[in-house]
Every structure is written in C-alpha cells, then in structure tokens.
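The structure appears right after this line, and notes come after that.
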Amino acid sequence: MTAFDSTVLSVVVLIGLLGASAFFSSTEIAVFSLSRTWLDERVAAKDRRASILAELRDDPHRLLVTLLVGNNVVNVAISSILAVLLADRFSGGVAVVLTTVVAGSVVLVFGEILPKAYGLGHAESWSLTAARPVRIVERLLLPIVIVFDFVTRRAGAMMGGDPDIEEPYTDTDPKRAGERGEGAK
C-alpha cells in the first residue's frame with residue numbers, strides 16, 4: 001500500500017468514525033428528550049423498535065453509559081488516527097497543536113453540535129431508528145459498560161448524588177409537565 005493509499009484509507013476511516021460520533025451524540029439527546037407517554041403509546045401500538053427503546057430506557061443510567069462509552073471510544077480513535085497522519089507531515093509540537101485544534105473543532109461541530117441539534121429536532125423518529133443499533137453496541141461493549149456503569153453509580157452515590165437517571169428531560173403529559181413547570185411560555 002502506498003503512502004497515498006494509506007492516507008486515503010485513514011481519511012475514510014476518520015469520516016466513518018465521525019459518523020459514529022454523530023450517531024452517539026444525536027441518539028443521546030433524542031432518547032433522553034422523549035416523552036414517556038409517547039414511548040408507551042408506540043409500545044402499545046406494537047412497534048418493535050419502540051419496545052427495544054423502552055427496554056433500553058428501563059435502565060437509563062446504563063443506556064447513558066453505553067452511549068458515552070461508544071462516543072468516547074470513537075472520539076479517541078479520531079484523535080489518535082489524526083495524530084498519526086499529522087505526525088508524518090509536521091514536527092512534533094506542530095502536529096500536537098494541529099491534532100488538538102482540528103480534531104477538537106471537527107468533533108465539536110460534526111460529532112456533537114450538529115448531531116445533537118438533529119437528534120433534538122427529530123427525537124421520535126431518530127430514537128426509533130437508533131434503537132436496534134444501540135442495543136447491538138450495548139451488547140458489544142457490555143464488559144466495558146458494566147465496569148463504567150458500576151464505577152459511576154458508586155462514585156455518584158459517594159458524592160451524595162442520585163446515581164440513577166430516572167426521568168426524561170421533557171414530557172408531553174400535561175399533568176407531569178405541570179409538576180415540573182414545563183410548558184409555560
């Protein structure tokens with residue numbers, strides 16, 4: 001493989017990893033912004049994707065850990081591959097600065113901000129689309145997820161916080177929304 005071929009392959013892999021980062025970020029905000037009422041209605045309508053999503057949401061802490069572990073793995077891979085690419089072309093200090101600025105900026109815009117805006121704007125449809133892939137990722141990363149799930153629950157409890165995430169950010173049920181002060185404009 002020539003140096004050019006290797007560079008092209010690395011760029012293709014970087015784009016794929018950036019897509020994975022976008023997937024995790026958009027899914028995180030979409031899933032946790034869903035109304036429990038809406039999800040329950042979809043499950044009652046026998047939507048298999050909604051059933052998978054409801055199973056994932058039954059343990060919101062583990063779901064969050066899964067999404068964050070997946071996102072961090074791909075973001076670290078992006079930085080690592082970019083560092084190798086830039087180290088071949090620039091001196092040490094310059095390569096480090098470029099890696100930090102380029103990876104940080106690209107991941108922030110294309111792996112975080114834009115995907116989260118999309119996920120929030122398309123929470124219901126995106127959550128259903130992402131349900132099966134998230135379940136697969138959870139199973140693939142299960143040993144790592146179990147460790148981080150355990151550590152973060154214990155650390156949260158030791159700091160006096162509630163280690164569990166039990167409620168979505170929003171709810172369209174007027175009674176529950178009123179209880180939390182939502183819906184007033």
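Numbering (the working numbering), first residue to last: 1 to 185. Ideal placement from N, C-alpha and C gives every residue a C-beta, glycine not left out.
Exercise. Hey, could you find the ends of the alpha helix (DSSP H) residue 2 is sitting in?
Key: For the purposes of this step, residue 2 is taken as residue 2 along the sequence shown, with counting starting at 1. Annotation for residue 2: no alpha helix (DSSP H) segment contains it, and DSSP assigns it neither H nor E.
Practice problem: Can you grab the Cα-Cα spacing for the pair residue 65 / residue 145, in whole Å? | Solution: Residue 65 sits at position 65 when you count from the first residue of the sequence shown. Residue 145 sits at position 145 when you count from the first residue of the sequence shown. Each residue's Cα considered, the two are about 6 Å apart.
Quiz item: Which ranges would you report for the beta strand (DSSP E) in the region 90-131 if only whole runs of at least 3 residues count?
Solution: Taking only runs of at least 3 residues, no beta strand (DSSP E) segment lies wholly in the region 90-131.
Quiz prompt | Residues of its chain near residue 111, where Cβ-Cβ distance is below 7 Å and the 5 sequence neighbours each way are ignored | solution = Stepping through the sequence shown from its first residue, residue 111 is reached at position 111. Here the set comprises 18, 21, 22, 25, 75.
Quiz prompt | Anticipated Cβ contact below 8 Å, residue 49 with residue 128, distance rounded | solution = Position 49 of the sequence shown, counting from 1, holds the residue named residue 49. Position 128 of the sequence shown, counting from 1, holds the residue named residue 128. Confirmed, Cβ separation roughly 4 Å.
Quiz item: From what residue to what residue does the alpha helix (DSSP H) around residue 67 run?
Solution: Taking the first residue of the sequence shown as position 1, residue 67 is located at position 67. First-last of the alpha helix (DSSP H) with residue 67: 60-87.
Quiz item: Which whole-angstrom value is the C-beta distance of residue 57 and residue 73, which I expect to be below 8 Å?
Solution: Start at 1 with the first residue of the sequence shown, and residue 57 comes out as number 57. Start at 1 with the first residue of the sequence shown, and residue 73 comes out as number 73. Rounded, the Cβ-Cβ distance is 22 Å, inconsistent with contact.
Quiz item: With a Cβ-Cβ cutoff of 9 Å, do residue 132 and residue 52 count as a contact?
Solution: Numbered from its first residue, the sequence shown carries residue 132 at position 132. Numbered from its first residue, the sequence shown carries residue 52 at position 52. With respect to residue 52, residue 132 sits close: the two C-beta atoms are nearer than 9 Å.
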